[in-house]
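*Asks:*
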């Protein structure tokens, strides 16, 4: 039986862990927030696609994107525009929050959770 087990193991292809869908945690968070706001009725998905496409075009991103940093920066910019237009968060408020998160991130030891302090 050990011989059979070894033979079966030798013909099985190696299985590796799947690549992460999002390169950075904040990519997943901004995506999830956008989906949540859509599901809550804050905007239609068709409106989102139209606005996001316009942001990508404005950025000159006509090439095929791989879901990297430039893609999610455009995604975040589009979300911030929606929130500002709806009066949920002004651009100034978004900038203050971004600065606070950056400061918290930069002062957090590697591997520790980032915490935004009051």
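Residue numbers (the UniProt record's numbering): 1 to 118.
Just so it is clear, CB atoms sit at the ideal spot from N, CA and C, and this is done for glycine as well.
1) On the three-pair Cβ rule with 8 Å, is the region 19–31 touching the region 73–80?
2) Identify the continuous alpha helix (DSSP H) that holds residue 86 and give its terminal residues.
3) Report buried or exposed for residue 108, applying the criterion of at least 16 other Cβ atoms within 10 angstroms of its Cβ.
4) Go to residue 115, then tell me how far its alpha helix (DSSP H) extends in each direction, as first and last residue.
5) Which same chain residues, not among the five before or five after residue 55, have their C-beta less than 6 Å away from its C-beta?
6) Beta-carbon within less than 7 Å of residue 105's beta-carbon, same chain only, minus the 5 sequence neighbours each way: which residues are those?
7) Quick one: give me the first and last residue of the alpha helix (DSSP H) that residue 49 is part of.
8) Could you have a look at residue 40 and say whether DSSP puts it in helix, strand or coil?
9) Quick one: Cα of residue 86 to Cα of residue 103, how far?
*Replies:* Taking the definition as stated:
1) yes
2) Where residue 86 is concerned, there is no enclosing alpha helix (DSSP H), given that its DSSP letter is neither H nor E.
3) exposed
4) Per DSSP, residue 115 belongs to no alpha helix (DSSP H) and is neither H nor E.
5) For residue 55, where only same-chain residues beyond five positions count, the Cβ hits under 6 Å are 74, 77, 78.
6) 114
7) 45–58
8) Correct three-state label for residue 40: coil.
9) 27 Å
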